[in-house]
Structure formats: C-alpha cells, structure tokens
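Here is the structure we will look at, set down as structure tokens.
Numbering (the UniProt record's numbering), first residue to last: 1 to 378.
As structure tokens, this is what we get:
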C-alpha cells in the first residue's frame, strides 16, 4: 500500500530545499551574510503547490490505488454492458463523448443470467483492430475516461476522504501499539490496526467502484461483524506477505556473498520485485474481491462487476454467506485478468515516473532562477 502522503512528502521536501538551500549554501560570512529570496518567490511556490498537489494525488492515489482496484473487480466476461469504441478516429471520439455525457445507465440483467449478477452500467471499452472487445482497465485512457465520466475532474479524488481517514486512523493505532510492544515486535502492530479498520477499508473499495453518492463515507461502512468474518483472513494474509516483502531485501542481501556490489543490488531488487508480484499483489487481489462481494445489492457500479462471482456467492436469504471466500475470489480471477493487472501496474509506475520528471523539469529551473535572483543581506 503506497500512501499518497509519500508523494506529498516529496513535494514538501523539494520546497523546503528550495526555501532553505539558498540561505544555507550561500553564506560567505557565517555570522553576518546570507542570501534573501525575492518577494515574488512565495507566489511561485504557491502556484506550484496549486498545480502539483492535485497532480501528485492523481498520480499516487488515483492511478496507483483506484485504477488497480477497478481492474481487480472488473468482470471481463460481462455481456450486459453496451461498450463504446475508443478508436483514435474522430467519429469514435465523438461517440465516446456522447456516451459519457449520457452518464451511467442501468441495463437489465441478461435473460438467464445467474441470480445476483450485477446490474450493468454503460461504460467504455477498448476495441482491437480485429474488432475484439477488451476490458476497460486494459487501457489507462479508457479507465481515465470512465472515472471522469462519473463526476468530472473531481472524480479523480473519489474516495480520497475515506482513504485519508483510514490512513490517519491506521497511523494513530500503529503509534499506540508501538508504544506498548517491544521494538522487536513493532512490525506486528499493523495487523491489529488493519483488522480494527476493516469496515473503513471495505467502505473505500465500495466508494471507488460505485457512482458518486451524497452519503458520507462513514455511513457506507458495512456491519463490523459480517465484514470482519469475511475479510479477517485475507487481511491477515496480506499483512503476512507484506512483512515478507519488507524483510526480503535485507534477508537476500545477507545471504549473498557477491564480490561485486552491483550484482548484489540487482539480485536484491529482482527478489523484492518477485515477492511483490507473486505474493503481495495476489493477496491484495483476494482481499479486494472479498471486500467487493460485500457491496450492497442496491448499489450500482461504474465498472462491469459480477456480484455472483460466477455463481460462487450464495445469498444469505438462501442459506449462504452472501460473500465470496478467499478460494473463490482467487479461482474466479482469470489468467488474462492477472496479466491485465500486472500490465496496469507497470503502466501506472511509468506514469508516476513521468509525473515526477515533469515536476522536476519545472521546479529545478525555478530553483535556479530564484537562486540567481536572490539578493545579498547583511
């Protein structure tokens, strides 16, 4: 889990450096002389914050957190959705815009669909040159337009208040547990914190995959007992593999006696990446799909979603649990879906790198300009 606060922290550090470095590095006389930034420098910093903070949130929250969740729950076999081509030609572009402006519209379940099958909303799809329809989340462009069509630019921040509250409460609980536990057992603190907040985490998944609602996020939290019963084991599994990923670099580095540190670093990076791809991402997929299965029947979705998980979910009124098990969540996620999800992670990683480079391309010249325009102060 990559908190969006890490991206904001990057910006904060950059701006702190921007403000402090000309002073600390330009001292010729430690006692009496330093550089002073021009008065309009504060305006530049303010403008940068207005531009880059939303960019950082979209990059590190929407792309890296929201888009993967949509990919994890999308039903790639749903035939009840009216797909819209996203070809690059002008006609297709106008068709896309018209479909999006019409907004999500509920479509009746297809005849013979299994009980509990999701009602569908009109959503864009990607068409290959051969005419084969691909899932929405196979394209960042299609996913971006889907999100934007359900609330405009503000939809990129969907669920952010709930996510921020979850992150804040998790941090508070972690502090409490780390004060009680010995230092050697501090890594255990995340597990009880995650279990205590399963309602809020599940509510966030529901907010991400459904249209905008006037209901406050805390009012959308499902019942604790049912949510805990459904998600406790997936949460524990995700915590376990996260700890494995956390300690993998040091364990691998300690086990390797390489003569060249460069090769050692490569092995450590590859081992860490393998643990994330083979353990962390699958555990996260299982948890999200279990959480999605708890979505109330009255809530529509912005993405094709099979509530029955291929008939695996038996409604509570028929004597079933009403949600998918870990095994069923795993078995109903196809190999094609796994490939699509990994490809999406690669794409959003590259988008994140591009966003950081764009920010650096603006801030570094500004830093040089401000340093050149700074005046001597005695």
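Cβ coordinates follow ideal geometry from the N, Cα and C atoms, glycine included. Because the structure is a prediction, the values reported are computed rather than measured.
For residue i, count neighbouring Cβ atoms within 10 angstroms of its own Cβ and tell me buried if that reaches 16, exposed if not.
i           : result
residue 81  : Low confidence applies here, because residue 81 scores a pLDDT of 47, under 50, leaving its location unreliable and the question unanswered by this model.
residue 170 : buried
residue 360 : exposed
residue 147 : buried
residue 77  : exposed
residue 213 : exposed
residue 184 : exposed
residue 263 : exposed
residue 104 : For residue 104, the pLDDT reaches just 43, beneath the cut-off of 50, and the residue's location in the model is therefore unreliable, although a value from the coordinates is still provided. When all chains shown are included, residue 104 counts as buried.
residue 42  : exposed
residue 364 : exposed
residue 219 : exposed
residue 98  : With a pLDDT of only 40 at residue 98, under the threshold of 50, the placement of this residue in the model should not be trusted, and no figure is reported.
residue 168 : exposed
residue 411 : There is simply no residue 411 to check, as the chain begins at 1 and stops at 378 in what is shown.
residue 46  : exposed
Would the beta-carbon of residue i fall within 8 angstroms of that of residue j?
i           : j           : result
residue 307 : residue 314 : no
residue 200 : residue 230 : no
residue 268 : residue 249 : yes
residue 341 : residue 161 : no
residue 280 : residue 242 : yes
residue 386 : residue 159 : It is not possible to answer for residue 386, since the shown part of the chain is limited to 1 through 378.
residue 373 : residue 38  : yes
residue 239 : residue 179 : no
residue 323 : residue 163 : no
residue 155 : residue 177 : no
Starting from the Cα of residue i, find the closest Cα among the options and give me that residue.
i           : options               : result
residue 352 : 71, 76 and 140        : 140
residue 317 : 297, 288, 328 and 329 : 297
residue 334 : 204, 365, 286 and 321 : 286
residue 157 : 350, 63 and 327       : 63
residue 330 : 185, 247, 310 and 365 : 310
residue 69  : 291, 365 and 336      : 291
residue 202 : 190, 224, 366 and 187 : 224
residue 383 : 172, 323, 56 and 321  : With the chain covering 1 to 378 only, the question about residue 383 has no answer from this structure.
residue 144 : 358, 362, 365 and 347 : 347
residue 67  : 49, 186, 142 and 56   : 142
residue 222 : 211, 198, 233 and 328 : 198
residue 274 : 256, 252 and 261      : 252
residue 52  : 364, 366, 355 and 365 : 355
residue 135 : 364, 57, 338 and 218  : 338
residue 232 : 349, 47, 174 and 284  : 284
residue 357 : 181, 59, 36 and 47    : 59
residue 187 : 321, 36 and 244       : 244
How close, in whole Å, do the beta carbons of residue i and residue j come, if the pair is a contact with beta carbons under 8 angstroms?
i           : j           : result
residue 304 : residue 74  : 6 angstroms
residue 137 : residue 344 : 6 angstroms
residue 368 : residue 301 : With a Cβ gap of about 49 angstroms, residue 368 and residue 301 do not count as contacting.
residue 288 : residue 205 : 6 angstroms
residue 227 : residue 295 : So it is not a contact: roughly 12 angstroms between Cβ atoms.
residue 366 : residue 44  : 6 angstroms
Item to check | Ranges of the beta strand (DSSP E) found wholly within the stretch 116–203, counting only runs of at least 3 | outcome: Uninterrupted beta strand (DSSP E) stretches at least 3 residues long and entirely within the stretch 116–203 do not occur.
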